[in-house]
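These notes concern the structure reproduced below.
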Amino acid sequence: MPEKRNKGSLFIVSAPSGAGKTTLCKKVLSALPYLKFSVSYTTRQPRKGEVNDREYTFIHRDEFTGMVKKGDFIEWAEIHGELYGTSKRRLEELLAAGNDVLLDIDVQGASQVRKKSREGTYIFILPPSLEVLKTRLEKRMTDSQANIKKRLKAALSEIKEYTTYDYVIMNDVLNDAVRVLEAIVTAHRASRKKINPVWIERTFFPKEDT
Ligand code: ADP
Ligand code: 5GP
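Note that the numbering used here has the sequence shown beginning at 371, numbered continuously upward.
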């Protein structure tokens, strides 16, 4: 592992369901060291291939509302009839270990994080068109036709929120979109305010032994 030369940052990624955010994030997470995924809690059922505590921690609604009451979430939202939330403890642990953290959350969650934290890079993923979005949802075969209709209806109001994000990536050709997301994270890491001054001190101005 290369030495970590900067302080941990938050990358908040939102998109309408089916835009390809999960696919895109998985690729970038496996390519970049020190970038970790914050595993959310949800009340929705696991999809085929999803593993508990990897994509999500799948819990019952009463457990979720208990966690809300205890203040366990930095943000949470009801999306398409199910509850989703980001654990404060998980996020703090990942940052404390020196990682950058990627939050895959919806526009309501992103707005809550924005209000609580001055830091954070906000990235919005767009599908090339509504038709393509519909095709992707259908091809994924994880949602009923009624669910797909719900998600497409929600997509337009979510897309309107793009103006509150720092970056917009159109996910047309997957590998092009992956490169753009990697570039955003990489460039942010090199920004002067993120560089750890201790590393510069130690490397270029080491204290003489007395
Ligand atoms: P989201 O997490 O945004 O809901 P997914 O990552 O599950 O979306 O992607 C939805 C579907 O679209 C999946 O079947 C995925 O394989 C496919 N997909 C994602 N990105 C692309 C792309 N650039 N081109 C074609 N298909 C894509
Ligand atoms: P899906 O059910 O397709 O995995 O996700 C539906 C939506 O929930 C996506 O927009 C995803 O970004 C969002 N989501 C996933 N985890 C969280 C979370 O912890 N908080 C919020 N607010 N949204 C989440």
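Ideal Cβ placement from N, Cα and C applies to all residues, glycine included.
With a threshold of 7 Å, the Cβ atom of G455 does not count as near the ligand ADP, since no heavy atom of the ligand is closer than that.
Each of A385, S387, G388, A389, G390, K391, T392, T393, L394, I495, R506, L507, K509, R510, N541, D542, V543, L544 and A547 has a C-beta closer than 7 Å to some heavy atom of the ligand ADP; these make up the full list, in chain order. In chain order, V409 and Y411 place their CB closer than 7 Å to the CB of T427, counting only its own chain and leaving out the 5 sequence neighbours on each side.
Under the Cβ criterion (8 Å, minimum of three pairs), the region 512 to 525 does not count as touching the region 549 to 564. Within the region 460 to 506, the complete beta strand (DSSP E) runs of at least 3 residues fall at 470 to 474 and 491 to 496. For M540, the pairing in a beta bridge is given by DSSP as L496. It is roughly 8 Å from the alpha-carbon of N422 to the alpha-carbon of P416. Taking the Cα positions, E433 is about 10 Å away from K439. At a threshold of 7 Å, E462 does not count as near the ligand 5GP, since its beta carbon sits no closer than that to any of the ligand's heavy atoms. Going by DSSP, F428 is part of the beta strand (DSSP E) stretching over Y426 to F428.
Note on the region 396 to 463: whole beta strand (DSSP E) runs with a minimum of 3 residues are 405 to 407, 410 to 412, 426 to 428, 443 to 449 and 452 to 457, in chain order. Checking the 7 Å criterion, the Cβ of Q478 is within range of a heavy atom belonging to the ligand 5GP. Note on W569: under 16 other CB atoms within 10 angstroms of its CB, so exposed under the neighbour-count rule. In the three-state reduction of the DSSP assignment, S379 falls in the coil class. The C-alpha of R562 is placed about 45 Å away from the C-alpha of N517.
Between D474 and V383, the beta carbon gap of about 5 Å places them in contact (Cβ cut-off 8 Å).
Straight across, the Cα-Cα distance linking L544 with C395 is about 11 Å. Among the bridge pairs identified by DSSP, S384 is matched with F494.
Two segments are said to touch when three or more pairs of C-beta atoms, one from each, lie closer than 8 Å; by this definition the region 445 to 463 touches the region 476 to 483.
Exclusion of the five residues before and after R460 leaves S408 and V409 as the residues of its chain whose Cβ lies within less than 7 Å of its Cβ. In this structure, the C-beta of A557 stays at least 7 Å away from each heavy atom of the ligand 5GP. Close CB contacts of G436 within its chain, under the 6 Å cut and outside five residues either way in sequence, are absent.
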